[in-house]
Structures are given as structure tokens and as C-alpha cells.
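Undergrad: Each residue of the sequence shown is one higher than the last, beginning at 8 in the working numbering.
For each residue, glycine too, the CB sits at the ideal point set by N, CA and C.
This structure is a prediction, so every number in the text was calculated from the model and none was measured.
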Amino acid sequence: MKILTLSSLYPNSVQRRHGIFIEHRVAHVCRLSDETRVVAPVPWFPSGHRMFGRYGEFARAPQSESRRGVDVTYPRYPTLPKIGMTMAPWLMATALYPHVARLQRSFDFDVIDSYYLYPDGIAAAMLARRFDRPFTMSALGTDVSLIPRYRRQRGMILAAIERAGAVTTVAAALRDELLSLGAHPDKVSVVEHGVDLVLFRPPADRAELRARFGLTGPTVLSVGHLIDRKGHDLAIRAIAELPDVKLMIAGDGPREADLRALANTLGVARRVEFLGHVDQPRLPNLYGAADLTVSCSDREGIANVLLESLACGTPLVATPVWGSPEVVKVPEAGLLVADRSVAAIRDGIAQLLAALPDRAKTRTYGERYNWHETGRQHRALLDRVVKRPSSATAVD
8 MKILTLSSLY PNSVQRRHGI FIEHRVAHVC RLSDETRVVA PVPWFPSGHR
58 MFGRYGEFAR APQSESRRGV DVTYPRYPTL PKIGMTMAPW LMATALYPHV
108 ARLQRSFDFD VIDSYYLYPD GIAAAMLARR FDRPFTMSAL GTDVSLIPRY
158 RRQRGMILAA IERAGAVTTV AAALRDELLS LGAHPDKVSV VEHGVDLVLF
208 RPPADRAELR ARFGLTGPTV LSVGHLIDRK GHDLAIRAIA ELPDVKLMIA
258 GDGPREADLR ALANTLGVAR RVEFLGHVDQ PRLPNLYGAA DLTVSCSDRE
308 GIANVLLESL ACGTPLVATP VWGSPEVVKV PEAGLLVADR SVAAIRDGIA
358 QLLAALPDRA KTRTYGERYN WHETGRQHRA LLDRVVKRPS SATAVD
């Protein structure tokens, strides 16, 4: 099978925080006899100067590169402020058409496999019609929990789902939401993400690892981009009410200055360590050294952080949002708090620290999230779609 993967969330050498989980998934979908090409559209921006933040990153993103043996291209597409959300799928598809047409001359793909429903999935539907190929879509989180609140976007997503060969969601909660919006149950399947169980594993000598980090007391880890929806501020406020507990925050982002100021204001700056961006190969040591990982997000599909922490044997305290209850559902996984409040998070941390589960049992539970199984399930869907006559039509 020749698979054309389409996702604006695919990582590149500049945007390191982009969807590494998509890269892992794509790598495990393909069989030895398959060929894959990835088209990862990037919003066009005129200047790569660092003063422009993430917009500058768009300009600095490469035109193409090889990642894990897969050829990836990063064609640019225009975006329009304010009105751009409604036009984004059309703008993306229009910009990608000549690029995909050139690619097809040497890579006559069998299917378009897209990740993120809007605008990527809608653009995939438009391109599938033009090239007379079937297409699939995968929902990851905010493309279900947030974007469909807008009537026009919701209508476009539902129309694309109806025409797609198959649609997957990474959590049952996302599937349930799509069904409540009007998607047909036969079209939508749950295919959970996995985790790299070789990279993310318990440390060989946890005591030595903690000594290397200078950890002598209870330690909590919070991982994620420093933005409001990740809730690092809630973790800091919770720690402020738990004497002698240390918080490590791995990530960078626009809220760093505010979070540092909050820690100072609450008098816990010496107990909150900001680690900045941490490359994935360094994360297992942080999980392994911490006593627990806290996830304070307000919306997630199934956060990578949850699966990575479990694979390292580190239990979780997580807010009860979207896919999190599907992961934190047994004692060895940790504790799901009652709500997304400082009090609930504080009490959850205190309760789990008082009775931590056996880390070997946590690891064993985490092993159920296996990329090989994710790839097998997704590949089975692609087999079904490619063998079925193409029904891709326009999405207006």
C-alpha cells in the first residue's frame, strides 16, 4: 500500500513540540512492503525572526526532510487572521493541490490518511475528491472538544466524516462526542495512542537517579507547554499548600514569566523548578525520578504525558477531562481528582503520596498502550478503506 499522510501537526526540526505521537503512529502503521510519504502543511509567514515567536518558527521550518526513514515535505499554505478559521480547509487544500499533484507523478498513493479533523481532515476530503482516492481522518482532541462548538466548522466536520472511508478517535470520550454531534456510529472507531515502551521505562537505579537530581523528598512532575490550558498554575498553587513537596515543570512557552511570578508570590519559588524544554530522550529520567506526575489540563484526547509516565512506572494525579478517565481507572495508574480545582489537585497529590502504588505494577499497566497494537488497528482500517470503492466527494 502507498499511504499519503497529511497533518499540519507533524513534527519538524524547528517545531520540536509538534505531534511526535503522529510520527510514532505513522511509523507503526506501515508494513515492510508499504510506502509512506508525509505532507505536513505549514502556515506561510514572511519572517523567521525569533521576535515573532511561533509564527517565526513557521518561516524557519524546513521545506523537506527525512524523519525516521520517511520523506516529509512541508509546503506552505496561506492563513487569514480572524476570518481564516472558516476558510482554512479551502486555503490548505488549494495550496496543497499542486504539491500533491507533483508528488503523485512518482508516488501514486492509494489513500490519504489525515490527522486532526479541522482543517486537515476537511482538506483531505477535498483533495481526495480531486485525486479520486479514499481518505481517512483521525481526531486527536481539540478538533472534537473545541472546534465543533462553531456551527459552520461542525457542519464541515460532519460532512467530511460522512464521506470518509473511516474515522478514528484516540479516546472513547471523543467518539461519544462525535456521535452526539451527529456522526454515524459505523464510521467512527477508537484507536488509542501508544507509547514507546523501550524509551519510556523505569530507571535501572531510581535511588541513584534521584540523588543525581538532588531529590531528597516527595517530588511531583508536571510536563507540557507553558500555556493556560495545561494548568501548570494549578499545580503550583497546589504545591504551595503541601509543605516539603517539590514541583518540577518540564516545558517552555509564553506563560513562563507569569508562572515564575506566581511561584514567587506564593513563596514557593525554591520548591518549583522550571526545567525549560526537555527533549524526549531526556524525559524518562524525569518521570523515573519523580514520585508522581500531575496533569492539570482542561482538555485532552489522551495526553502523551499520561502514557509516558505510566510506562516509566510513575503514577498519575489527573484532572477528569476527556480521555484521562479512560487511562486513570485503576489504583496502579494513580488517582483521578474530583474536578479541576486547586483543592482537588492538592488533595489528590497528598492522597497519592501517602499511598503510592508499586511502580512495577504501574509499568505493567502502562504496557497496554503499545504502538504496535495502535499501528495494527489503524492499518486494518486502511486495508478496509482501500479495498472499498472510493466514495470521496466534495465538502462545501
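Given this structure, state the Cα-to-Cα distance separating F114 from P155, to the nearest angstrom.
TA: Working through the sequence shown from its first residue, we reach residue 114 at position 107. Working through the sequence shown from its first residue, we reach residue 155 at position 148. The alpha-carbon atoms of F114 and P155 are separated by roughly 34 Å.
Undergrad: Only counting the same chain, and skipping five residues up and downstream in sequence, which positions put a Cβ closer than 6 Å to that of V49?
TA: For this step, residue 49 is matched to residue 42 along the sequence shown. F65, A68, Y81 and R83, listed in sequence order.
Undergrad: Rounded to whole angstroms, what's the CA-CA distance from I27 to P105? Just pull it up for me.
TA: Along the sequence shown, read from residue 1 onward, the residue named residue 27 stands at position 20. Along the sequence shown, read from residue 1 onward, the residue named residue 105 stands at position 98. I27 and P105: Cα-Cα distance of roughly 27 Å.
Undergrad: DSSP state of T369, grouped into three classes?
TA: Along the sequence shown, one-based indexing puts residue 369 at 362. The answer is helix: DSSP assigns T369 an H, G or I state.
Undergrad: Going by the CB atoms, is the gap between M133 and A100 shorter than 8 Å?
TA: As a working note, residue 100 is residue 93 in the sequence shown. As a working note, residue 133 is residue 126 in the sequence shown. Yes, the pair counts as a contact, with Cβ atoms nearer than the cut-off.
Undergrad: Is the CB-CB distance between T321 and E199 below 8 Å?
TA: The residue given as residue 321 occupies position 314 in the sequence shown. The residue given as residue 199 occupies position 192 in the sequence shown. Their beta carbons are not under 8 Å apart, which means T321 does not touch E199 by this criterion.
Undergrad: Around the C-beta of I243, are 16 or more other C-beta atoms found within 10 angstroms, so that it is buried, or is it exposed?
TA: To locate residue 243, count along the sequence shown from 1; it is residue 236. Buried: at least 16 other Cβ atoms inside 10 Å.
Undergrad: Can you find at least 3 beta carbon pairs, one from the segment 188-199 and one from the segment 369-384, that sit closer than 8 Å?
TA: Short answer: they touch.
Undergrad: Using DSSP with H/G/I as helix, E/B as strand and the rest coil, what is R44?
TA: As a first step, residue 44 must be located in the sequence shown, where it is residue number 37. Of the three classes helix, strand and coil, the one that applies to R44 here is strand, per DSSP.
Undergrad: Fully enclosed by the segment 333-397, which alpha helix (DSSP H) runs are 4 residues long or longer?
TA: Here the runs fully enclosed are 349-361, 366-373 and 378-394.
Undergrad: Just list the beta strand (DSSP E) runs in the segment 185-272, keeping only unbroken ones of 3 residues or longer that don't cross its boundaries, in chain order.
TA: Counting whole runs of 3 or more residues, the segment 185-272 contains the beta strand (DSSP E) stretches 195-197, 226-230 and 253-257.
Undergrad: Helix, strand or coil for A131 per DSSP?
TA: As a working note, residue 131 is residue 124 in the sequence shown. A131: helix per DSSP, three-state reduction.
Undergrad: Could you check where the beta strand (DSSP E) with R74 kicks off and where it finishes?
TA: If you number the sequence shown from 1, residue 74 lands on position 67. Its beta strand (DSSP E) spans residues S71 to R74.
Undergrad: From the DSSP output, in three-state form, read off Y122 for me.
TA: For the purposes of this step, residue 122 is taken as residue 115 along the sequence shown, with counting starting at 1. Correct three-state label for Y122: strand.
Undergrad: Exposed or buried, D403, counting other C-beta atoms within 10 Å across all chains shown (16 or more means buried)?
TA: Position 396 of the sequence shown, counting from 1, holds the residue named residue 403. Unreliable positioning characterises D403 in this predicted model, as indicated by a pLDDT of 39, which lies under 50. The coordinate reading is nonetheless provided below. Counting Cβ neighbours within 10 Å, D403 comes out exposed, since fewer than 16 surround it.
Undergrad: Where does Q160 land, buried or exposed, given buried means 16+ other C-beta within 10 angstroms?
TA: Along the sequence shown, one-based indexing puts residue 160 at 153. With 16 or more other Cβ atoms within 10 Å, it is buried.
Undergrad: Is the segment 142-154 close to the segment 114-133, with three or more CB pairs under 8 Å?
TA: The answer is yes - the segment 114-133 touches the segment 142-154, with three or more Cβ pairs under 8 Å.
Undergrad: Work out the CA separation of A178 and A325 for me, nearest whole Å.
TA: Position 318 of the sequence shown holds residue 325. Position 171 of the sequence shown holds residue 178. C-alpha separation (whole angstroms): 16 Å.
Undergrad: In the segment 289-328, which residue ranges form an unbroken beta strand (DSSP E) of at least 3 residues, counting only runs that do not cross its ends?
TA: Listed in chain order, they are 299-302 and 323-325.
Undergrad: By Cβ distance, which residues of its chain are closer than 7 Å to A245, with the 5 residues on each side in sequence left out?
TA: For the purposes of this step, residue 245 is identified with residue 238 of the sequence shown, where counting begins at 1. Here the set comprises V349, I352, R353 and I356.
Undergrad: Quick one: Cα of C319 to Cα of S302, how far?
TA: Here residue 319 is taken as the residue at index 312 of the sequence shown, counted from 1. Here residue 302 is taken as the residue at index 295 of the sequence shown, counted from 1. In a straight line, the C-alpha of C319 is about 15 Å away from that of S302.
Undergrad: When DSSP labels each residue in this structure, what does P50 get in the three-state scheme?
TA: Taking the sequence shown and counting its residues from 1, one reaches residue 50 at position 43. In this structure, P50 counts as strand in the three-state DSSP scheme.
Undergrad: Under 8 Å between the Cβ atoms of G231 and L314?
TA: If you number the sequence shown from 1, residue 231 lands on position 224. If you number the sequence shown from 1, residue 314 lands on position 307. No.
Undergrad: Compare the C-alpha of R236 against each of L293, V328, Y376 and A173 and name the closest.
TA: As a working note, residue 236 is residue 229 in the sequence shown. It is V328.
Undergrad: Specify the secondary structure class of S113 as computed by DSSP and reduced to three states.
TA: Within the sequence shown, numbered from 1, the residue matching residue 113 stands at position 106. Correct three-state label for S113: helix.
Undergrad: To the nearest angstrom, how far is it from the Cα of N377 to the Cα of D183?
TA: For this step, residue 377 is matched to residue 370 along the sequence shown. For this step, residue 183 is matched to residue 176 along the sequence shown. If you take the alpha carbons of N377 and D183, they lie about 23 Å apart.
Undergrad: What does R83 pair with, by DSSP beta-bridge criteria?
TA: For this step, residue 83 is matched to residue 76 along the sequence shown. Answer is V49.
Undergrad: Hey, could you find the ends of the beta strand (DSSP E) G172 is sitting in?
TA: Numbered from 1 along the sequence shown, position 165 holds the residue referred to as residue 172. From DSSP, G172 is part of no beta strand (DSSP E); its letter is neither H nor E.
Undergrad: Have a look at I309 and A340 and give me their C-alpha separation to the nearest angstrom.
TA: Looking up residue 309 in the sequence shown gives position 302. Looking up residue 340 in the sequence shown gives position 333. So the two alpha carbons sit approximately 14 Å from each other.
Undergrad: Please name the residue or residues paired with G283 in a DSSP beta bridge.
TA: One-based indexing of the sequence shown puts residue 283 at position 276. G283 pairs with A257 and G258.
Undergrad: Does D78 come out as helix, strand or coil in the three-state DSSP assignment?
TA: Locating residue 78 in the sequence shown gives position 71, counting from the first residue. In the structure shown, D78 sits in a strand (DSSP, three-state: E or B).
Undergrad: Where does R67 sit, in a helix, a strand or coil, going by DSSP?
TA: Position 60 of the sequence shown holds residue 67. Of the three classes helix, strand and coil, the one that applies to R67 here is helix, per DSSP.
Undergrad: Taking the alpha helix (DSSP H) that A276 belongs to, which residues open and close that run?
TA: Here residue 276 refers to the residue found at position 269 when the sequence shown is read from its first residue. Careful: A276 lies outside any alpha helix (DSSP H) and carries neither H nor E.
Undergrad: Answer with buried or exposed for N271, where buried requires no fewer than 16 other C-beta atoms within 10 angstroms of its C-beta.
TA: In the sequence shown, residue 271 corresponds to position 264, counting from 1. Burial call: exposed.
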